[in-house]
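Asker: Residue numbers (this note's numbering), protein chains in the order written: chain D, 737 to 971; chain S, 153 to 369. We put the CB at the ideal spot given by N, CA and C, even for glycine. Remember, it's a predicted structure, so these values are computed and weren't measured experimentally.
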């Protein structure tokens, strides 16, 4: 099958609303967003705390957070597989080869990205924001929300980068999800499978969806950043 | 007269270098002070320590009859003392929201909030900037918004770090004109500055940091 023929077939699949294809997209989006929703609050809070506080071992924490960015997803998949397998410590959950298992993996993959980017965004922020909040009687919690509000574009970039890393990973989803048709097959595991079978049309169609999702997420960020100099809350 | 705030054994080191060592500093209720000293003498650091923004070594304070540590900064001081930066920073909301920041943070009566903010904006002459983006304000406007943001909290002690630095002409005069009105309203005020017009304000006591010691004149 030539590239032109495969691409034409891919558009035909997308346009005729192929149910199997769109179910794969749905599983990917659902597991990615669920993983990100679970990872974002702890990662952002941890990133903020590491950025704002001086404590023994802080430099090691920063180093670990940044080093975790380059962890191969297949290694995370392997560790999670061992944890979730029948004899593993979390085997009783029955999450292996299930969507909750993929979500757990996506959460672990997204967490370091969100943490490291939030840490960098908060560290880059003028320290007078936190000082001004404190000097005007804000509680520690309110200081955190005020600082994160000022660093919101960096935090949003963290979420979008996390989304990109999670939705495009294949190793963990394949190992923990098992690539079961109609259940745990995601965009990336489907592309890997269909390509190995020589069905390039579905692979290209899913690739187009993946790129479109990435463009859409980044477009949202660009739109929000474009609004950065408009005053926010009014009284 | 019982001081509003008494600070004992306040000292600060930057590495091996002793920045200052102050045996005792008394701030009277409703009194105004200008704090002078050469660049690097520790004026800003002293104000930041009093405002709870800088760590201090073992040091105790008496505030309103209470014996408190200066670090970790105690809640009664956090609600009574407001520090204003030399170059104030504005949250990326509106000017009015910036002025309301401390009131919102302290959870005061929301029905009163709008009238308090309106009154503070009127006092600082920034009512016309109400819904503006603070990022677009001039240095003088930012300083006046910062003074309004501090004043609206009715602090017992206001710490102003070189409020006229880098301002000139009308902007500087507008800021200078606001400071006596703050003093008249009964707050104690310490102004770190080099500005002769502030140093020579009537009724202001002078403090000078020199060679790590605080001189009262």
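Report the three-state DSSP secondary structure of residue 783/D (helix, strand or coil).
Answerer: helix
Asker: So, helix, strand or coil for residue 836/D, using DSSP?
Answerer: Three-state DSSP puts residue 836/D in a helix.
Asker: Return the residue from the list 952/D, 922/D, 825/D that minimises the CA-CA distance to residue 938/D.
Answerer: 922/D
Asker: Could you compute how far the alpha carbon of residue 276/S sits from the alpha carbon of residue 165/S?
Answerer: Those two C-alpha atoms are separated by around 37 Å.
Asker: Going by alpha carbons, who is nearest to residue 353/S out of 245/S, 265/S, 342/S?
Answerer: 342/S
Asker: Of the choices 830/D, 795/D, 754/D, whose alpha-carbon is the least far from that of residue 817/D?
Answerer: 830/D
Asker: Between residue 976/D and residue 899/D, what straight-line distance do the alpha-carbon atoms span, to the nearest angstrom?
Answerer: Because chain D here runs from 737 to 971, residue 976/D falls outside it and cannot be looked at.
Asker: Ignore the nearest five residues each way along the sequence and tell me which others in residue 316/S's own chain have a CB closer than 7 Å to its CB.
Answerer: The answer, listed in chain order, is 324, 327, 328, 345, 347, 350.
Asker: Could you give the first and the last residue of the continuous beta strand (DSSP E) run that contains residue 173/S?
Answerer: Membership of residue 173/S in the beta strand (DSSP E) is indicated by the continuous run 169–179.
Asker: Residue 777/D and residue 804/D look like a contact to me (Cβ under 8 Å); what is the Cβ gap, rounded to whole Å?
Answerer: About 18 Å separates the two Cβ atoms, so there is no contact after all.
Asker: Can the beta-carbon of residue 304/S be found less than 7 Å from the beta-carbon of residue 251/S?
Answerer: By the CB criterion at 7 Å, residue 304/S and residue 251/S fall inside the cutoff.
Asker: Return the bridge partner residues of residue 313/S from the DSSP annotation.
Answerer: According to DSSP, which records beta bridges pairwise, residue 313/S is partnered with 344/S.
Asker: Taking only the alpha-carbon atoms, compute the straight-line gap between residue 860/D and residue 943/D and give it to the nearest angstrom.
Answerer: 35 Å
Asker: Tell me the residue span of the alpha helix (DSSP H) that contains residue 225/S.
Answerer: Note, residue 225/S: premise wrong, no alpha helix (DSSP H); not H, not E.
Asker: Run down chain S in chain order and give the residues with a C-beta less than 9 Å from the C-beta of residue 925/D.
Answerer: Chain S residues near residue 925/D: none, gap ~42 Å exceeds 9 Å.
Asker: Answer yes or no: do residue 189/S and residue 360/S have a C-beta to C-beta separation smaller than 7 Å?
Answerer: Taking a C-beta distance under 7 Å as the contact criterion, residue 189/S and residue 360/S qualify as a contact pair.
Asker: Nearest CA to the CA of residue 336/S: which residue from 318/S, 319/S, 355/S, 220/S?
Answerer: 355/S
Asker: Check whether the Cβ of residue 783/D lies closer than 7 Å to any Cβ atom in chain S.
Answerer: no
Asker: Can we count residue 351/S as close to the ligand FMN, meaning its CB is less than 6 Å from some heavy atom?
Answerer: No copy of the ligand FMN occurs in the structure displayed, which carries no ligand at all.
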